[in-house]
Structure formats: structure tokens, C-alpha cells
Amino acid sequence: MGRWVIHLDLDAFYASAEQLTRPTLAGRPVLVGGLGPRGVVAGASYESRAFGIKSAMPMAQARRLLPANGVIVPPRFRVYERLSQEVFAVVTEVAPVLEKISLDESFAEPPSLIGASFDAVTEFCAALRARIRAETGLVASIGAGNGKQIAKIASDEAKPDGLLVVPQGTERAFLAPLPVRALWGIGPVAEGKLRFIGVQTLGQLAALSEQDAVATLGGVVGRDLRRLATGADDRPVAGRAETKQVSAETTFDTDIKDLPMLKAEVRRIAVGAHQRLLKAGRVARTVVIKLRHTDMHTVTRSETISAPTDDLAELAATAERLLIDPAEFGGIRLAGVAYSGLSVPHQDALFTLAAPSAPSTVVSTVPAPAAAPPSEWRQGDDVVHEEFGTGWVQGAGHGRVTVRFEHRSSGPGIARTFPQSDPALTRGDPRDCLR
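According to the UniProt record's numbering, the stretch in the sequence shown is residues 1 to 435, in order.
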């Protein structure tokens with residue numbers, strides 16, 4: 001009785017959501033992210049990726065690469081969350097237990113596929129992709145295989161807008177030519193250790209003896225990663241509670257014994273945790289650091305900031321303030337950064353996705369200014385007009401504002417220009433575009 005796990009990933013989700021709910025943007029290079037000087041790209045459409053733009057790139061760099069017909073809009077997490085709910089409502093009808101990884105990504109183990117043939121699994125996944133597109137307007141890539149790892153890698157290989165089912169019994173051959181970083185759990189540190197012993201592909205990792213894998217990567221980790229590289233994966237698909245925390249940590253090759261080096265490493269770790277925060281579509285209220293002494297004694301410290309945020313500069317600066325000087329604590333073999341107290345940013349316009357600042361940058365902790373009054377507009381704002389209905393701001397300046405009136409089911413809408421202070425024009429709920 002063969003086991004089949006599927007991994008579903010919505011293609012370029014944030015940017016695709018903007019193109020779906022603002023039909024004029026369909027087919028154009030679209031970036032979603034912070035508009036300020038430290039902004040980063042939270043989402044990039046495939047049309048923009050053709051110009052070398054990618055998620056987590058500083059927005060200043062992305063602007064230089066964006067063609068003339070490209071558009072940058074601020075994130076609207078309430079829209080993304082609602083669309084995510086629509087997609088996974090479809091999936092749960094055929095796979096009641098989902099293991100959601102983020103707003104746009106999930107594992108499932110459909111009961112109807114137990115013991116199914118390759119052709120039956122392919123037909124099932126194709127039908128699910130078609131139904132998601134028909135009912136939500138979004139594109140999902142799906143991978144399927146004998147376990148979570150194969151399914152995840154298969155969906156990555158299938159992108160964009162694709163489907164890949166790995167026949168059972170061919171897992172090891174499928175994985176063999178892929179770089180070791182394709183495996184979940186292998187980051188830059190582990191990759192460096194494997195490269196040092198001449199291992200660059202998953203086939204080479206699978207061929208290692210268990211003793212060599214353990215000696216290189218550590219006890220449990222080495223055994224597990226080597227086993228996954230062979231295509232064996234019996235981890236269950238289990239429903240997850242709402243994400244409460246995102247984190248990242250690093251074990252150092254040599255103990256860190258001075259504060260400047262520790263600060264630099266913690267800032268790098270904070271960036272990794274921040275990327276997971278953005279992926280989850282959340283903002284955080286509390287920063288936690290973990291420090292493990294040479295003798296394995298572990299200390300955690302935390303600080304709760306004034307308001308939930310996704311601003312990397314503020315989060316990283318808070319993590320640095322919590323550090324203990326190794327001159328007092330002793331050598332540090334592991335450091336970690338976690339963000340907790342997570343919530344959905346209900347006032348999207350108040351949050352900016354921030355790129356890393358230089359370590360010497362002084363970070364202001366002054367609370368963000370109040371939202372602009374309704375007479376002041378920026379590109380991407382949702383609006384409602386008494387006569388013309390739901391729309392979004394295409395541009396504003398010189399006392400005037402241009403609004404494109406459209407929503408998910410309207411098709412490309414008409415653009416109209418108004419005086420900036422027109423009383424008939426008010427701020428709209430971002431979810432109005434989902435009608």
C-alpha cells in the first residue's frame with residue numbers, strides 16, 4: 001500500500017494576489033514590499049523575476065532592475081490571508097488534514113490516494129490544481145511523492161504553474177543529481193561542512209556511510225539528513241496550530257569570545273528569522289535570544305516592544321540589546337533569535353518590510369507616525385468612491401489622485417482622476433477587492 005504525500009505551493013503568492021484582485025496588473029512586472037528607503041521585496045511576480053528581481057532583495061536594488069511598465073505596491077496581508085483561506089478550504093475537501101507551512105504552502109496526505117497508482121495520483125493533483133484556479137483564480141504548483149521531502153522538492157521543480165509526481169521506487173534516482181541545499185535542513189553551514197569532504201549532491205550524501213555523515217553533521221542530524229537523501233521519509237503529515245513563533249539559530253564551528261563578533265552573527269541570524277516572519281505573513285511583538293555556553297548551559301532573554309512590527313532594523317537592534325558580553329558569559333557555541341507574539345498586520349499601510357541596515361546604523365525606537373489622513377494617498381492604497389465603487393490608487397501628486405476602479409471579478413477597470421481632497425473618495429477595506 002503506497003503512501004502519497006502532496007505539497008502545494010501557490011506561485012508568487014503575494015504578487016499573484018495583487019494581479020488577481022487588480023486585473024490591470026495581470027501580465028505586468030509586480031513587486032510587493034516596503035516602499036521606504038530600507039524596504040525589501042516581499043513578493044515578485046514571474047514577470048519581474050525575468051529581470052533578476054527576487055524576494056528579500058532590497059527594494060532600492062529592485063527598483064533599478066524593474067522595467068518601465070513595472071508596479072510596486074505595499075503588502076495587503078488581510079487580502080493574502082483571505083485568499084489563503086479560500087485555497088485551503090478547497091484542499092481540505094479532498095484532504096481533511098493539512099500541515100500548513102505558511103499562507104501559501106501546505107502538505108497533505110489525501111486518504112483517497114492510499115495505494116493509488118502513479119496515473120491516479122497525477123490525475124488527482126491535476127484536478128486539484130484546476131479546481132483551485134477555477135474557484136479562487138490562483139495558480140498552485142503541486143509535487144507528490146512517498147513523503148514530505150520528495151513532495152516539497154517536486155513542487156519546487158514543478159514551478160511555475162506545474163505538477164510533478166515522483167514515481168514510487170525512483171526517489172533516490174530523482175534526488176541524486178540535486179545539490180545538497182535542495183534538502184530541507186541543510187543550510188549554508190552544513191553545506192560548507194559537506195563541501196569540505198567533497199559532498200555536493202544528494203547522491204553523494206546518500207552514498208556516505210552513516211559514520212561519516214554523523215562525524216560531519218552531528219549525531220541525530222547527520223543520520224536523519226543522510227536518510228532523507230536516500231528518499232526515505234516516514235514523517236507524518238499533521239495539522240499545525242497557528243504559528244506562535246518563528247526562529248533561526250546557528251551552532252558555530254569555533255566558540256565566539258568577543259561581543260562585536262557575536263553582534264555580527266546575531267544580526268545575520270536575525271535576518272534569517274525575519275525572512276520566516278515575512279513568509280508567515282506576520283508581525284512580531286517579542287524578541288527572544290538564546291545563547292549556549294561552551295559547557296552547554298543555555299540562557300534565554302526576551303524583550304517586548306511597543307507595537308507589533310516586521311521592521312528588521314528594530315527587531316535586530318532589540319536582539320543585539322539582549323546579548324550578554326562573552327567576556328562575562330564565556331565562550332558561546334550557539335546563538336538563536338526568535339520572534340513571538342505574532343499577529344496579522346491589520347493596518348497594512350503602517351508596516352514596512354525593511355532591509356538589513358549596516359551593523360553601525362543607529363535605530364530609532366520612536367513609534368511609527370499615525371496613518372495619513374484620507375486626503376493623502378499613495379500608490380496601492382485601497383479606496384471607495386461614492387459613485388464608482390471599489391478601486392486602488394495608481395498615482396497621486398500635485399493635488400490630484402488617479403484611481404483604477406476594479407476588483408477580482410471586474411476585469412481591467414477604468415482609471416479616473418480626482419482632486420486629492422474629493423469628499424466622495426475614502427479609504428477602502430483591502431478585502432473589498434475580493435468580492
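Quick reminder that beta carbons are idealized off the backbone N, C-alpha and C, glycines included.
Per-residue burial, residue i [other beta carbons within 10 Å of its own, 16 or more giving buried]
i           : result
Asn69       : exposed
Lys244      : exposed
Lys152      : buried
Gln19       : buried
Glu303      : exposed
Ser112      : exposed
Pro412      : exposed
residue 451 : Nothing in the structure corresponds to residue 451, since the chain is present only between 1 and 435.
Ser155      : buried
Ser117      : exposed
Ser141      : buried
His7        : buried
Asp253      : exposed
Ile332      : buried
Ile186      : buried
Ala270      : buried
Gly198      : exposed
Ser421      : exposed
Phe13       : buried
Asp295      : exposed
His297      : exposed
Phe77       : buried
Phe351      : Confidence at Phe351 is low in this model, with a pLDDT of 42, below 50, so the placement of that residue is unreliable and no value is reported for it.
Phe196      : exposed
Ile53       : buried
Limits of the beta strand (DSSP E) - the one that residue i falls within
i      : result
Glu81  : It is not in any beta strand (DSSP E) - Glu81 instead sits in the alpha helix (DSSP H) that spans Phe77 to Thr92.
Pro326 : Here Pro326 belongs to no beta strand (DSSP E); instead the alpha helix (DSSP H) covers Pro326 to Phe329.
Thr304 : Thr298 to Thr309
Arg333 : Ile332 to Ser340
Leu164 : Leu163 to Val165
Proximity test, Cβ basis, 8 Å: residue i and chain C
i      : result
Thr136 : In summary, chain C is missing from the structure at hand, where a single protein chain is found.
Nearest-angstrom Cβ-Cβ length linking residue i and residue j, presumed shorter than 8 Å
i      : j      : result
Leu315 : Lys263 : The Cβ separation is near 14 Å, so there is no contact.
Ser45  : Ser84  : About 18 Å separates the two Cβ atoms, so there is no contact after all.
Arg404 : Thr417 : Not really, about 11 Å apart at Cβ, beyond 8 Å.
Glu81  : Leu103 : 6 Å
Ala424 : Glu386 : 4 Å
Glu171 : Gly231 : 3 Å
Pro308 : Ile256 : Not really, about 30 Å apart at Cβ, beyond 8 Å.
Ile114 : Asp233 : About 16 Å; that fails the 8 Å criterion.
Val189 : Thr250 : 6 Å
Val165 : Thr122 : 5 Å
Ala273 : Ala248 : 4 Å
Val5   : Phe107 : 6 Å
Ala62  : Leu31  : 6 Å
Range of the contiguous alpha helix (DSSP H) that encloses residue i
i      : result
Pro188 : Pro188 to Phe196
Arg3   : Premise fails: Arg3 is in no alpha helix (DSSP H) and is neither H nor E.
Ala215 : Glu210 to Leu217
Ala319 : Leu312 to Arg321
Leu205 : Leu202 to Ala207
Tyr176 : Note on identity: in this sequence residue 176 is Ala, with Tyr being the wrong assignment. Neither: Ala176 is in no alpha helix (DSSP H) and is coded neither H nor E.
Distance cut-off 7 Å: residue i Cβ against heavy atoms of the ligand NAP
i      : result
Ile414 : Because no ligand of any kind appears in the structure shown, any question about the ligand NAP cannot be addressed here.
Entirely within the segment 8-72 and at least 3 residues each: give me those beta strand (DSSP E) ranges in chain order. 30-33 and 41-44
So, does the segment 199-208 touch the segment 156-175, judging by three or more C-beta pairs under 8 Å? yes
Let me know the beta strand (DSSP E) ranges lying completely inside the segment 371-428, each 3 residues or longer, listed in chain order. 382-385, 389-397, 400-405, 414-419 and 425-427
What are the uninterrupted segments assigned as beta strand (DSSP E) that are 3 or more residues long and contained completely in the segment 234-294, given in chain order? 245-256 and 284-293
Within the segment 87-154, note down every full alpha helix (DSSP H) run reaching 4 residues or more, in order along the chain. 118-136
For the segment 379-387 and the segment 417-432, state whether three or more C-beta atom pairs, one from each stretch, are separated by less than 8 Å. yes
Whether or not the segment 278-288 and the segment 222-233 are in contact is what I'm after, with contact meaning three or more pairs of Cβ atoms, one per stretch, closer than 8 Å; do they touch? no
Three or more beta-carbon pairs under 8 Å between the segment 257-274 and the segment 328-344, yes or no? yes
Does the count of Cβ pairs from the segment 89-104 and the segment 51-58 closer than 8 Å reach three? no
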